[in-house]
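Undergrad: Can you keep this structure in mind? I'll have questions shortly.
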Amino acid sequence: MDFKCSVSRCLEDVAWQCNCPEKFKFCLTHSKELMSHSRLKKCLAGNIKDKYLELLAKQYKNALNHVESDCIKLTQEMICEIYNCLKDNCNYLKKKKNEINNLILSEQKNKAETIANWANTLSILQRGKNQYCLSVRKLLGIDNSNIKIVIDWEKLEEELNTLRKNFEESCKKINGLEKELKNSNETNKKLSDAKLKKKYLSQENRNQFSVEEFKKRLSNLKKSDKFKNLLAQLDLQDFQNRFVQSNEYIFKVFISNDNKCIFICEI
Ligand SMILES: [Zn+2]
Ligand SMILES: [Zn+2]
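1279 is the number of the first residue of the sequence shown in this note's numbering; add one for each residue after it.
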């Protein structure tokens, strides 16, 4: 049905229609033209504004009816897909049940138990459904607020992944630093041990003489306390008890030819 104003090039909404066989229509602006026409043709005009608006709304709503019908079609396809998945699962489980029957009959209890264990680990209801629900909303949703929820959710998930990644990297860095600190502590300990050892050795060296120097010092000393003190510095076996604490006198000192042993004779 044509709802254009019969006045040439007029695009306004129509408000009147006459009862001529041509059913001329006029907008409010062209009411004068309508009156001239009615006088001339002796026709009557009726208000069609409500009818026009009703038809206009119907025409626009028609676009939504198409969407509605498409939504139902797409939803049916998805339901069909889910139903097929359920059917496949039921068939698979039926097959597994038959397999268990045969295994029990052929005394292969272990294999039947393996199937039961597999079933126990599936925990279908614990599976994450959120991602799927969001995907369904994204696929079927037509409301912008719904789509926004999905986009927000995806953004949050992305942010969460970034945070998780950063956290893992930080943990790795901390582990690396801890290792470095441990190594550095070990190195410091080694250095400090080496320093202590060096200090100890230098102190010890002060109490040690070369064999030649020892012989030279021996020849310079007679049977005196200085002689004893010199021998005491060497921390010889039993020397402290026998000669220093018991206050014994040294009669003679021999040094073996290989310079490895020293013999001290008491009086
Ligand atoms: Zn008319
Ligand atoms: Zn008009």
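No residue lacks a Cβ here, since even glycine has one placed at the ideal position from N, Cα and C.
(1) Determine whether the beta carbon atoms of residue 1285 and residue 1311 lie at a separation below 9 Å.
(2) Got a sec? Which residues, its chain only, sit under 7 Å from residue 1283 by beta carbon, not counting five neighbours each side?
(3) Tell me which residues pass a beta-carbon proximity test against ligand 2: closer than 7 Å to any heavy atom, given in chain order.
(4) Entirely within the stretch 1293-1329 and at least 4 residues each: give me those alpha helix (DSSP H) ranges in chain order.
(5) Quick check on the DSSP output: what are the complete alpha helix (DSSP H) runs of length 4 or more inside the stretch 1435-1513, in order along the chain?
(6) Any idea if residue 1403 is buried or exposed, counting beta-carbon neighbours within 10 angstroms, 16 or more meaning buried?
(7) Would you kindly work out how many angstroms separate the C-alpha atoms of residue 1398 and residue 1359, rounded to a whole number?
(8) For residue 1445, does the count of other Cβ atoms within 10 angstroms reach 16, so buried, or fall short, so exposed?
(9) List the endpoints of the continuous beta strand (DSSP E) containing residue 1531.
(10) Can you have a look at residue 1323 and say buried or exposed, based on whether 16 or more other CB atoms are within 10 angstroms of its CB?
(11) Helix, strand or coil for residue 1543? Go by DSSP, reduced to three states.
(12) Between the stretch 1406-1419 and the stretch 1340-1347, can you find at least three pairs of beta-carbon atoms closer than 8 Å?
(13) Could you tell me the alpha carbon to alpha carbon distance between residue 1316 and residue 1353, rounded to whole angstroms?
(14) Indicate the three-state DSSP secondary structure (helix, strand or coil) for residue 1354 in the structure shown.
(15) Would you kindly check if the distance between the Cβ of residue 1496 and the Cβ of residue 1508 is under 9 Å?
(16) Output needed for residue 1437: all residues of its chain with C-beta closer than 6 Å, excluding positions within five of it in sequence on either side, in chain order.
(17) Whole-angstrom Cβ separation of residue 1542 and residue 1517, contact assumed at under 8 Å?
(18) When you compare only the Cα positions, how much space is there between residue 1461 and residue 1468?
(19) Quick one: what does DSSP say residue 1381 is sitting in, helix, strand or coil?
(20) For residue 1351 and residue 1416, what's the separation of their Cα atoms in angstroms?
(21) If you draw a straight line from the C-alpha of residue 1294 to the C-alpha of residue 1327, how long is it?
TA: Taking the coordinates as given:
(1) yes
(2) Its chain contains 1290, 1292, 1303, 1304, 1305, 1308 as the residues whose beta carbon lies nearer than 7 Å to that of residue 1283, once the 5 sequence neighbours on both sides are disregarded; these appear in chain order.
(3) 1283, 1285, 1288, 1290, 1304, 1305, 1307, 1308
(4) 1309-1319
(5) 1489-1498, 1503-1510
(6) Around the beta carbon of residue 1403, fewer than 16 other beta carbons sit within 10 angstroms, so the residue counts as exposed.
(7) 26 Å
(8) exposed
(9) Start and end: 1528-1533.
(10) buried
(11) strand
(12) no
(13) 55 Å
(14) helix
(15) yes
(16) none
(17) 7 Å
(18) It is roughly 10 Å from the alpha-carbon of residue 1461 to the alpha-carbon of residue 1468.
(19) Per DSSP, reduced to three states, the secondary structure at residue 1381 is helical.
(20) 16 Å
(21) 7 Å
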